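K.L.:
The structure follows.
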Amino acid sequence: MSQGLGADRTNEGPSTAEGGWHRRFGRRTDRSVSAVLGIVLLFGMVLIGAAVLAVSGMALIDSLQSTATAEQGEQTMQQIDHDLASERSTIELLGNGDYEIVDEGTINVTVTTQFGTTCSILDDEPMGTLRYETDDGNTIAHQAGGVFKQSGNGSVALSDPTIRYYTDKVDGETVNGLRMSVTNLTGTTGQGTHAAEYERQHRSACTDARYATGVEITVEDTPYHHGWANFLKSEFDGTVIHNEPRKKVSVSASIGSDLPFNSYVRVDPTIYGGLYVEETAPIDQSFTIDRYNGSVGWDGSDTTNVTEDLFVAENGLDLEDDAKITGVPVTNGKLTGERGASLTTVGYATNFAVPSFGSDNATGTQLYNVTETSIPEVYGAKMDDTFTDIDDIDDDIDRAVSQIDNASKSERIDDKDTLRIPANGSEMLYYGDGADVGDDLDELDTTGGTIHVAVDGDLDLSGVDVTGSGQVYVYVSGEISLDDVTVHGERASGLWVYGKSATQVDVRNDFQGVLYAPESDLTLHNDATVYGAVVGGQTEIKANATVHFDETLRTDVPIPKGNRGLEIEHPGERKPLDVVFTLDRSGSMDRHCKAWAGWNCVDWHPGNDPNGLRIDATKNFVGQMKPGDQAGAVEFNTDAYELTDHLYPHSNFDAFNASLEANANGGTYIGDGIDAGLELYDPAHDSEKVMILLTDGMNNGRDEDGSETRAIADDADEDNVTIYTVGLGDAGEIDEDLLEDIADKTGGNYTHVSDAHQLNDIFENIGEDIQETSVVSVEIASFEESNDWSNEQRIEVRETVVHLDE
Numbered sequence: 001m002s003q004g005l006g007a008d009r010t011n012e013g014p015s016t017a018e019g020g021w022h023r024r025f026g027r028r029t030d031r032s033v034s035a036v037l038g039i040v041l042l043f044g045m046v047l048i049g050a051a052v053l054a055v056s057g058m059a060l061i062d063s064l065q066s067t068a069t070a071e072q073g074e075q076t077m078q079q080i081d082h083d084l085a086s087e088r089s090t091i092e093l094l095g096n097g098d099y100e101i102v103d104e105g106t107i108n109v110t111v112t113t114q115f116g117t118t119c120s121i122l123d124d125e126p127m128g129t130l131r132y133e134t135d136d137g138n139t140i141a142h143q144a145g146g147v148f149k150q151s152g153n154g155s156v157a158l159s160d161p162t163i164r165y166y167t168d169k170v171d172g173e174t175v176n177g178l179r180m181s182v183t184n185l186t187g188t189t190g191q192g193t194h195a196a197e198y199e200r201q202h203r204s205a206c207t208d209a210r211y212a213t214g215v216e217i218t219v220e221d222t223p224y225h226h227g228w229a230n231f232l233k234s235e236f237d238g239t240v241i242h243n244e245p246r247k248k249v250s251v252s253a254s255i256g257s258d259l260p261f262n263s264y265v266r267v268d269p270t271i272y273g274g275l276y277v278e279e280t281a282p283i284d285q286s287f288t289i290d291r292y293n294g295s296v297g298w299d300g301s302d303t304t305n306v307t308e309d310l311f312v313a314e315n316g317l318d319l320e321d322d323a324k325i326t327g328v329p330v331t332n333g334k335l336t337g338e339r340g341a342s343l344t345t346v347g348y349a350t351n352f353a354v355p356s357f358g359s360d361n362a363t364g365t366q367l368y369n370v371t372e373t374s375i376p377e378v379y380g381a382k383m384d385d386t387f388t389d390i391d392d393i394d395d396d397i398d399r400a401v402s403q404i405d406n407a408s409k410s411e412r413i414d415d416k417d418t419l420r421i422p423a424n425g426s427e428m429l430y431y432g433d434g435a436d437v438g439d440d441l442d443e444l445d446t447t448g449g450t451i452h453v454a455v456d457g458d459l460d461l462s463g464v465d466v467t468g469s470g471q472v473y474v475y476v477s478g479e480i481s482l483d484d485v486t487v488h489g490e491r492a493s494g495l496w497v498y499g500k501s502a503t504q505v506d507v508r509n510d511f512q513g514v515l516y517a518p519e520s521d522l523t524l525h526n527d528a529t530v531y532g533a534v535v536g537g538q539t540e541i542k543a544n545a546t547v548h549f550d551e552t553l554r555t556d557v558p559i560p561k562g563n564r565g566l567e568i569e570h571p572g573e574r575k576p577l578d579v580v581f582t583l584d585r586s587g588s589m590d591r592h593c594k595a596w597a598g599w600n601c602v603d604w605h606p607g608n609d610p611n612g613l614r615i616d617a618t619k620n621f622v623g624q625m626k627p628g629d630q631a632g633a634v635e636f637n638t639d640a641y642e643l644t645d646h647l648y649p650h651s652n653f654d655a656f657n658a659s660l661e662a663n664a665n666g667g668t669y670i671g672d673g674i675d676a677g678l679e680l681y682d683p684a685h686d687s688e689k690v691m692i693l694l695t696d697g698m699n700n701g702r703d704e705d706g707s708e709t710r711a712i713a714d715d716a717d718e719d720n721v722t723i724y725t726v727g728l729g730d731a732g733e734i735d736e737d738l739l740e741d742i743a744d745k746t747g748g749n750y751t752h753v754s755d756a757h758q759l760n761d762i763f764e765n766i767g768e769d770i771q772e773t774s775v776v777s778v779e780i781a782s783f784e785e786s787n788d789w790s791n792e793q794r795i796e797v798r799e800t801v802v803h804l805d806e
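Here you go:
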């Protein structure tokens, strides 16, 4: 059956109004027109919406791209800031904007001083600035160590300039300080990698910065003045002035504090020893220079407090035949000496007129027989390097004199007989001018603090006492005369007299204190005695002058470390010797049985020293000793026994020899013998202390590992006792390791002999070794103390020019 449309399914149906084509499909035709119109409207709306979205989206994208570009510019410039601060050798200029380096303003840093003066550290220095222009017209800039952003009519600091205002505590007082580092950029720009060269600027010093009590920083003609103003307000607690028309910002702030005057006077003395001269005429008389500890005071009878010290001559030293020097000459030039001249220790120099005869035992320093006598009268030692010459202090004195003269709190000396510090005060300033300033003075009373005296003329101090526990500083522009000037307790640091170059300085009779006048014309008159230190220039030393150096003043040592502590073999004078003989008396020294069969000995040993040859060797040794030497003896087996209960002097060596015995019985404990021998020494006796230890065995029954004996050897070393050990007999029966350790610990030597007949030669060799070696050692320490705190340390300004190149 076929299916057709049928009468009611065809497009050709009846045309009647009741169910014909027009009525049914006429309504369909109306709907089709509405749908087409709707579709057209829908497409129109979509197109309009898309257009709106496209336009607004492009604007949003542009905005996002602009923001990203600006942020990239800021990040790039901050990376550049980090690289410049790290002084990297290459700088990367990245991004899509334009770079250029231009001078955009200047910077000034000026300090004001305690005395009302001003001083410029930076004076209208240009601020070479790296600019980066972003696509939106903003500017990112690196200026003077900071990163700024400029937009519209304003600017902000994205990264603060390297300027830091800080506070610190000094002696419990709060003080302010300033640190700043300024970069000044020059060179070429453009995107890519640039080589960077850094040059630290060295401008004339602002010497008055040491007196600073305030600082002013000014930036001017900078387009980033708003950013500078906000930064300075946040960094400083001082007054900030912002002049917008001139694009200028200034800040003023306090620095340091009103410190004592000696904090502003920067005389930094170099004290090598008791006397420093530039040069002197040939010395033809006696001259003594020794040292003492000023914190203890002078006591010439105390040998532990007084010893020889340094006589430092810058340009050479000549000793004539009558020169008698007690001390240690040190010179950067040539040391010469005629026959007849004498020197108690050794002279150091960089040049000699005679050839070297060898080097010393301890340091390898080249040695010289300066006087070329059969027995050297003057030994010389060549320094590996020169010491630093001492320069004049003329500018420091002129500045101190001027400042005290202008200080509101200073008083004139005039006819005063006493200078003192006001009640409840800590310092006082005095000023005098003309001739013979100070000739009316009797006392400088430092009770309560410090006195500063400025003399614009000649100083005459005669019969003046410095009292109290404080200090006096005297700054003199003219001639200086010092005669009978004393400081309580010989505390030389209580008085400092500063003089200028090419002025006449005279020291007569006693002077206690420090005379510091480098390059002056100095005379130490007959019998002049100084307690303290003297630094001069062209110097004349007259007969019997003496300098007792207060070693607490020393700031440096002119002798290179490698040339100190000499040991020179000298056949002449040496220290007295205190010798103790510690002799083994165990049974093995005499005939003894080595093997038994029941009660019968089947193997006899003849003994290592049955005839007592050790006693003969001891007597022969003391026969080499000299007047002033002393000797004593103990013997030991498992215990120690005194052969003498004290040290016998050289004049009584017959009695010493008569006390010696050669006993033999018992076992062996070496430590007890050493310990008993140490009891015989007098620690207060200034002597070379030596022990000669003889044994033929090893510890048995006690301390068989030797630990106790080694500890006793350490005690001997602490007591400065040198032990020479001798092992007698069969080496297999001797604890040689222990004997070597004892000798090594104390600076001696170990020797083994197989036969007692060799003892005489061994003891004689030890005696010659001890007799011939005289130790010449200059033990000198530096007592440099830190300088007083200065305001100059509170201002640190660094300027660096950075040049960028393609």
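No gaps in the numbering here: position 81 of the sequence shown is 81 in the UniProt record's numbering, and each next residue is one more.
Just so you know, even glycine gets a beta-carbon here, dropped at the ideal spot from N, CA and C.
In this text the structure is predicted, and so the values were computed from the model without any measurement.
1) Taking the beta carbon of His82 as the centre, do at least 16 other beta carbons fall within 10 Å, making it buried, or is it exposed?
2) I need the straight-line Cα distance from Arg591 to Asn663, nearest angstrom please.
3) Beta carbon of Leu317, beta carbon of Glu338: below 8 Å?
4) Does DSSP put Gly26 in a helix, a strand or coil?
5) Alpha carbon to alpha carbon, what distance is there between Glu661 and Tyr531?
6) Quick one: residues in its chain with C-beta nearer than 8 Å to the C-beta of Asn293, no 5 flanking neighbours on either side, listed in chain order?
7) Is there contact here, the segment 360-370 with the segment 387-403, by at least three beta-carbon pairs under 8 Å?
8) For the segment 120-136 against the segment 229-237, are there 3 or more C-beta pairs whose distance is under 8 Å?
9) What is the DSSP secondary structure of Phe653, counted as helix, strand or coil?
10) Give me the DSSP bridge partner(s) of Ser359.
11) Could you tell me the distance, in whole angstroms, from the CA atom of Ala743 to the CA atom of Thr725?
12) Is the segment 731-742 touching the segment 686-701, taking contact as three or more C-beta pairs under 8 Å?
13) In terms of residue numbering, what span does the alpha helix (DSSP H) encompassing Gln403 cover?
14) Tell me, please, which residues DSSP counts as bridged to Glu540.
15) Is the Cβ-Cβ distance between Pro376 and Tyr348 less than 8 Å?
16) Secondary structure at Asp717, three-state DSSP: helix, strand or coil?
17) Which runs of the beta strand (DSSP E), 3 residues or longer, sit entirely within the segment 313-340?
18) Flag this pair as yes or no: are the beta carbons of Phe311 and Gly340 separated by less than 8 Å?
19) What does the Cβ neighbour count give for Gln191, buried or exposed, with the cut at 16 atoms within 10 Å?
20) Would you mind sorting Ala435 into buried or exposed? The rule is 16 or more other CB atoms within 10 Å of its CB.
21) Give me the Cα-Cα distance between Ile734 and Trp596, rounded to the nearest whole angstrom.
22) Thr106 and Glu278: beta carbons closer than 8 Å?
23) For the candidate residues Ala528, Val472 and Lys233, whose alpha-carbon lies nearest to that of Arg491?
24) So what's Leu804 in DSSP terms, helix, strand or just coil?
25) When burial is assigned at 16 or more other CB atoms within 10 Å of the CB, is Trp604 buried or exposed?
26) Mind checking whether Asp290 and His452 have CB atoms under 8 Å apart?
27) According to DSSP, which residues form a beta bridge with Ala595?
28) Suppose the cutoff is 6 Å on Cβ atoms and the five residues either side in sequence are ignored; what does the same chain contact list for Asn176 look like?
29) At which residues does the beta strand (DSSP E) containing Val634 begin and terminate?
30) Closest by CA to Asp284, which one among Met691, Ile541, Gly767 and Tyr681?
31) Expressed to the nearest angstrom, what Euclidean distance is found between the alpha-carbon atoms of Glu519 and Val505?
32) His646 and Leu680: beta carbons closer than 8 Å?
33) Give the DSSP bridge partners of His194, in chain order.
34) Who are the Cβ neighbours of Leu459 in its own chain at under 6 Å, not counting the five residues just before and after it?
35) Tell me which residue opens and which closes the beta strand (DSSP E) that Trp496 is part of.
36) Check Pro14 in the structure and name its three-state DSSP category.
P.N.:
Reading it off the structure:
1) One-based indexing of the sequence shown puts residue 82 at position 82. It is exposed - the Cβ of His82 has fewer than 16 other Cβ atoms within 10 Å.
2) Locating residue 591 in the sequence shown gives position 591, where the first residue counts as 1. Locating residue 663 in the sequence shown gives position 663, where the first residue counts as 1. Each residue's alpha carbon lies about 12 Å from the other.
3) Position 317 of the sequence shown, counting from 1, holds the residue named residue 317. Position 338 of the sequence shown, counting from 1, holds the residue named residue 338. No, the Cβ-Cβ distance between Leu317 and Glu338 is not below 8 Å.
4) On the sequence shown, residue 26 is found 26 positions in, with the first residue counted as 1. Here Gly26 scores only 37 on pLDDT, less than 50, and its place in the model should not be relied on; the value that follows carries that caveat. Helix at Gly26.
5) Position 531 of the sequence shown, counted from the first residue, corresponds to residue 531. Position 661 of the sequence shown, counted from the first residue, corresponds to residue 661. Their backbone Cα atoms lie some 54 Å apart in a straight line.
6) To locate residue 293, count along the sequence shown from 1; it is residue 293. If we look at Asn293 and ignore the five residues flanking it on each side, its Cβ neighbours are Asn305, Asp550, Glu551 and Thr552.
7) no
8) no
9) Locating residue 653 in the sequence shown gives position 653, counting from the first residue. In the structure shown, Phe653 sits in a helix (DSSP, three-state: H, G or I).
10) To locate residue 359, count along the sequence shown from 1; it is residue 359. Paired residues: Gln366.
11) As a first step, residue 743 is located in the sequence shown; it is residue number 743 there, counting from the start. As a first step, residue 725 is located in the sequence shown; it is residue number 725 there, counting from the start. Between Ala743 and Thr725, the C-alpha separation is close to 6 Å.
12) yes
13) Here residue 403 is taken as the residue at index 403 of the sequence shown, counted from 1. Start and end: Asp394 to Asn406.
14) Position 540 of the sequence shown, counted from the first residue, corresponds to residue 540. According to DSSP, Glu540 bridges with Thr523.
15) As a position in the sequence shown, residue 376 is number 376, starting the count at 1. As a position in the sequence shown, residue 348 is number 348, starting the count at 1. No, these two residues do not count as a Cβ contact at 8 Å.
16) What you label residue 717 is simply residue 717 of the sequence shown in a count that begins at 1. Looking at Asp717 - three-state DSSP - the assignment turns out to be helix.
17) 317-319, 324-326, 328-331 and 334-337
18) Counting from one through the sequence shown, the residue named residue 311 turns up at place 311. Counting from one through the sequence shown, the residue named residue 340 turns up at place 340. Not closer than 8 Å, so no.
19) Reading the sequence shown from its first residue, position 191 is the one you call residue 191. Exposed, because fewer than 16 other Cβ atoms sit within 10 Å of the Cβ of Gln191.
20) By one-based count along the sequence shown, residue 435 stands at place 435. So Ala435 counts as exposed.
21) Taking the sequence shown and counting its residues from 1, the one referred to as residue 734 is at position 734. Taking the sequence shown and counting its residues from 1, the one referred to as residue 596 is at position 596. For Ile734 and Trp596, the distance between alpha carbons rounds to 22 Å.
22) Taking the first residue of the sequence shown as 1, we reach residue 106 at position 106. Taking the first residue of the sequence shown as 1, we reach residue 278 at position 278. No. Outside cutoff.
23) Residue 491 sits at position 491 when you count from the first residue of the sequence shown. When only C-alpha atoms are compared, the closest one is Val472.
24) For the purposes of this step, residue 804 is taken as the residue at position 804 of the sequence shown. In the structure shown, Leu804 sits in a strand (DSSP, three-state: E or B).
25) The count along the sequence shown starts at 1 and reaches residue 604 at position 604. Per the 10 Å Cβ criterion, exposed.
26) Indexing the sequence shown from 1 puts residue 290 at position 290. Indexing the sequence shown from 1 puts residue 452 at position 452. No, Cβ-Cβ distance for Asp290 and His452 is not below 8 Å.
27) In the sequence shown, counting from the first residue as 1, residue 595 sits at position 595. Asp603, per the DSSP bridge assignment.
28) Here residue 176 refers to the residue found at position 176 when the sequence shown is read from its first residue. The answer, listed in chain order, is Thr167, Ser254 and Ile255.
29) Stepping through the sequence shown from its first residue, residue 634 is reached at position 634. Where Val634 is concerned, the enclosing beta strand (DSSP E) stretches over Gln630 to Phe636.
30) Walking along the sequence shown from the start, residue 284 turns up at place 284. With distances taken between Cα atoms, Asp284 lies closest to Ile541.
31) Here residue 519 is taken as the residue at index 519 of the sequence shown, counted from 1. Here residue 505 is taken as the residue at index 505 of the sequence shown, counted from 1. Going from the Cα of Glu519 to the Cα of Val505 covers about 11 Å.
32) Locating residue 646 in the sequence shown gives position 646, where the first residue counts as 1. Locating residue 680 in the sequence shown gives position 680, where the first residue counts as 1. Yes, these two residues count as a Cβ contact at 8 Å.
33) Sequence index remark: in the sequence shown, residue 194 carries index 194 (1-based). Answer by DSSP bridge pairing, in chain order: Ile91.
34) In the sequence shown, counting from the first residue as 1, residue 459 sits at position 459. Val437, Gly438, Val476 and Ile480, listed in sequence order.
35) Position 496 of the sequence shown, counted from the first residue, corresponds to residue 496. Run containing Trp496: Leu495 to Tyr498, per the beta strand (DSSP E) assignment.
36) As a first step, residue 14 is located in the sequence shown; it is residue number 14 there, counting from the start. Residue placement at Pro14 cannot be trusted, given a pLDDT of 38 that sits under 50; what the coordinates show is reported in the next sentence. In this structure, Pro14 counts as coil in the three-state DSSP scheme.
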